[in-house]
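Quick mapping for you: the protein sequence lines, in order, are chains A and B.
Count along the first sequence from 1, add 11, and you get the number used in my numbering.
Count along the second sequence from 1, add 1302, and you get the number used in my numbering.
By construction, the Cβ of each residue, glycine as well, lies at the ideal position given by its N, Cα and C atoms.
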Amino acid sequence: MTRIKFGEQTFETENNETVLNTLLRNNMQVPYGCKAGVCQCCLMRSLDNVPPEKSQVGLKDNQQKQNYFLACLCEPENDMTVALPNNEISWLEAEVIEKTDLSTNVILLKIKSKEPLAFFAGQFVNLRRDDGVIRSYSIANIHNAEHELEFHIRILPNGKFSRWVADELTVGMLLSFSHAQGDCHYVEGKIEQSLLLIGTGTGLAPLYGIIRDALSTHKHQGEIHLFHGSRDASGLYLEEKLTTLTQKYPNFHYTPCLSGEVNDEKYTKGRANEIALQAFPKLDGWRVYLCGQPEMVLHSKRAAYLQGASLKEIYVDAFTS
Amino acid sequence: MTETTTNATLFEQLGGEAAVDAAVDIFYRKVLADHRINRFFDGVNMDTQAAKQKAFLTMAFGGPNNYSGQDMRNGHAKLVKMGLDDSHFDAVIENLAATLTELGVSAELIGQVAAIAETTRADVLGK
């Protein structure tokens, strides 16, 4: 018999009972569907002990590493504290330590957490203003001892949050933020794998984090191809840094793409996703990352899959604004 | 080691869950690339759809399942209105067989899988 802690309550499992059945028997409201480990509706996360392997069948590698599990398959071996995905909200506090312009409408925001953080570059956090306005931003930097997080914030003309960042937020101010979420990040273990990363606009932020994580933390040996797309050259806001990176790491390749007019031969004309997917028609065995406009992400996911990438090897982050 | 597998279930002979996983990736790709039927899959969530394909293949492979004819009817009712008919069902069975051939499954076992898949025809097409 084991104990399942869910929110403020603790329940005991009856012999060989699954976490899902224990919760349902106690009239807890949790989503579920097939009860057979297929539909993944009952996805939950263990906040302490590692869930039984059997309950993680079919989940992505990084979900497994983050102790996600399927409640309908989980006959717990140890006591567990469980939560629904994205429902383990507790806010952390950080201080703004840097705010600089990356381009005319993208700001680099750097914050320093007051407590240690667990995150992977490329995941996202929710930033919260005092009055409760919340927006999600991807983490563009790698794990560090200073507990710092970097974000690329695109300033939208009528953006409630981004305009406030641009106009009112200053170094020294405090911000609340959530624990890191999402599965769009580097996964250890396949150091020779080829990586294709496609981003539009500030979809570059998570990709920049993932690339640095791959190259500097994990010494990734396989080829890494980044295609960054923008309408005009001012949107290629990390061109200099990325070009420097290609000089330092021979296996890293950067293709800046412009969908608008091109006046310089160092840029490729066209949409980043179309150029990338034409350049690599065979994606068997590749890992693919797609970040940015939802339309681009959706189309490219299907195309990458049809070109041979396994669905489990395609990681996406669609930016809604 | 070469003992015949007459006692093994179809699901075991095919290689169990690992075989289903391998087959889903190939099968769903074939379906999406097939111009006769891919319009029925426009705008669906690919991960959810792949999970459904997995449930279907597990069933067709003779594996553990909660197959319900009523669910199958409800799930396809909208597609039947869009024109889903026998020709499309045949195309799916064809892709299923091609997937198994690609994975080196014998013609005899492919026949058994196709026969199980065939049992869903009336429910899928709302007949």
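| Check | Outcome |
| --- | --- |
| Same chain, Cβ closer than 6 Å to A:L120, five either side skipped, listed in chain order | K110, F162 and I164 |
| Inter-residue CB distance, A:P62 and A:M39 (contact presumed, cutoff 8 Å) | Their Cβ separation, rounded to whole angstroms, is 18 Å, which puts A:P62 and A:M39 out of contact at 8 Å. |
| 8 Å Cβ cutoff, A:A47 in contact with chain C | Absent from the structure is chain C; the protein chains it does hold are A and B. |
| Backbone CA spacing between A:D328 and A:L81 [nearest angstrom] | 22 Å |
| Three-state class that DSSP yields for B:V1415 in the structure shown | helix |
| C-beta neighbour in chain A for B:A1400, strict 8 Å | no |
| Residue-chain proximity (B:N1368, chain A), Cβ-Cβ < 8 Å | yes |
| Own chain residues within Cβ distance below 7 Å of A:G193, not counting five before or after | Q134, F135 and D328 |
| Contact set for A:W297: own chain, Cβ-Cβ below 6 Å, skip 5 residues either direction | S205, L207 and A320 |
| C-alpha gap between B:T1307 and A:V299, whole angstroms | Low confidence applies to B:T1307: its pLDDT is 49, below 50, so where it sits in the model is not reliable, and the reading given next is rough at best. Rounded to the nearest angstrom, the two C-alpha atoms are 40 Å apart. |
| Close-in-space but distant-in-sequence residues of the same chain around B:K1332 (CB under 7 Å, 5 per side omitted) | N1397, A1400 and T1401 |
| Helix, strand or coil at A:D298 according to DSSP, with G and I counted as helix | First, the amino acid is wrong: residue 298 of chain A is Arg here, not Asp. A:R298: strand per DSSP, three-state reduction. |
| Straight-line gap, B:T1421 to B:G1365 (C-alpha atoms, nearest Å) | 15 Å |
| Neighbour flag for A:R313 against chain B, beta carbons, 8 Å | yes |
| C-alpha gap between A:K125 and A:C195, whole angstroms | 25 Å |
| Continuous alpha helix (DSSP H) stretch holding B:E1396: start and end | D1388 to E1404 |
| Buried versus exposed call for A:V93 [16 or more other C-beta atoms within 10 Å across all chains shown] | buried |
| Beta-carbon contacts of A:K293 that lie in its chain and below 7 Å, excluding the five residues immediately before and after | Q318 and G319 |
| Candidates A:S149, A:G48, A:V68 and A:F22, of which the one nearest A:N37 by Cα | A:F22 |
| Cβ pair B:A1428, B:A1379 closer than 8 Å | Here the sequence assigns Gly to residue 1428 of chain B, which means Ala is not the residue at that position. Cβ distance < 8 Å, so B:G1428 and B:A1379 count as in contact. |
| Check whether A:T336 and A:P87 have beta carbons under 8 Å apart | Any answer about residue 336 of chain A is impossible in this case: the structure gives chain A only from 12 up to 332. |
| CB contact check: A:Q134 to chain B, cutoff 8 Å | no |
| Alpha-carbon spacing of A:Y148 relative to A:L185, whole angstroms | 17 Å |
| Near the ligand GTP: A:V176 beta-carbon under 7 Å from a heavy atom | Looking at this structure, you won't find the ligand GTP or any other ligand, since it has none at all. |
| Beta-carbon proximity check, B:A1362 vs B:A1321, cutoff 8 Å | no |
| Beta carbon proximity, B:L1316 to chain A, threshold 8 Å | no |
| C-beta neighbour in chain B for A:S205, strict 8 Å | no |
| Sub-8 Å separation of B:Q1355 and B:F1329 beta-carbons | yes |
| Chain A residues whose Cβ lies nearer than 8 Å to that of B:D1336 | Going along chain A, no residue has its Cβ under 8 Å from B:D1336, so there is no contact; the nearest lies around 11 Å. |
| Beta-carbon contacts of A:L160 that lie in its chain and below 6 Å, excluding the five residues immediately before and after | I122 and I150 |
| Option nearest A:T211 by Cα separation, candidates A:L247, A:I166, A:I118 and A:G240 | A:G240 |
| Endpoints, the beta strand (DSSP E) within which A:A105 is located | L103 to D112 |
| Closest Cα partner of B:A1352 within the set A:P42, A:Q51 and A:E179 | A:Q51 |
| Boundaries (first-last residue) of the beta strand (DSSP E) holding A:Y148 | I145 to S149 |
| Proximal residues to A:C85 (C-beta, below 7 Å), its chain only, five neighbours per side dropped | T29, V30, P62, P63 and S66 |
| A:V117 vs A:T213 beta-carbon contact at 8 Å | yes |
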